Amino acid sequence: MPPLLLSGPFPGQGITFVEQPADAEDWEPHVAPRRQWVVVLTGRAAVTVSTGERREVGPGDVLLFEDTSGEGHVSTPLTRDLSFAMIPYG
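Residue numbers for the sequence shown follow my numbering, so the first one is 546 and each next one is one higher.
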């Protein structure tokens, strides 16, 4: 078996699956409700942070959201089939 690259275990409790309905409106700026991993399952979105940096993400992308205060971020769906998993961290 080829060698694997493994992370250490991450503390976490619970997982939430989110699916955006096709007719949903775009999101307003918001902070993360807690430190959490977000794993994009389907669709594409753009995430813009308070510094103005924007990243486009799609299936398989993993993000760590830690902006639990301040200006937060804006999540903009780029497709109408967006779904993701939120996994609390810490």
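The beta carbon of each residue, even a glycine, is placed where N, CA and C say it ideally should be. All values derive from a computational prediction rather than experimental measurement.
Minimum C-alpha distance to residue i - residue among the options
{"i": "GLY617", "options": "PRO566, VAL585, VAL576", "result": "VAL576"}
{"i": "ASP568", "options": "GLY559, ARG625, SER614", "result": "ARG625"}
{"i": "LEU609", "options": "GLU564, SER628, PRO547, GLY635", "result": "GLY635"}
{"i": "VAL563", "options": "PRO574, LEU586, PRO554", "result": "LEU586"}
{"i": "PRO574", "options": "GLY605, LEU627, GLY597, LEU549", "result": "GLY597"}
Own chain residues within Cβ distance below 7 Å of residue i, not counting five before or after
{"i": "SER620", "result": "TRP572, ALA590, VAL592"}
Assumed close pair residue i, residue j - CB separation to whole angstroms, cut-off 8 Å
{"i": "VAL583", "j": "MET631", "result": "6 Å"}
{"i": "ARG599", "j": "PRO633", "result": "Wrong, their Cβ atoms sit about 25 Å apart, outside the cutoff."}
{"i": "GLN565", "j": "LEU627", "result": "4 Å"}
Which residues DSSP lists as bridging residue i, in chain order
{"i": "GLU620", "result": "The sequence shown places Ser at residue 620, rather than the Glu named in the question. In DSSP, SER620 forms a bridge with VAL592."}
{"i": "GLN581", "result": "PHE610, PRO633"}
{"i": "PHE562", "result": "ALA630"}
{"i": "VAL602", "result": "ALA590"}
8 Å Cβ shell around residue i - same chain, five flanking residues per side excluded
{"i": "LEU623", "result": "GLY588, ARG589, ALA590, ALA591, GLU601"}
{"i": "GLY615", "result": "VAL576, SER595"}
{"i": "ASP612", "result": "VAL576, ALA577, VAL594, SER595, HIS618"}
Min CB distance residue i to chain C below 9 Å
{"i": "PHE629", "result": "Within the model displayed, chain C is absent; a lone protein chain is all it includes."}
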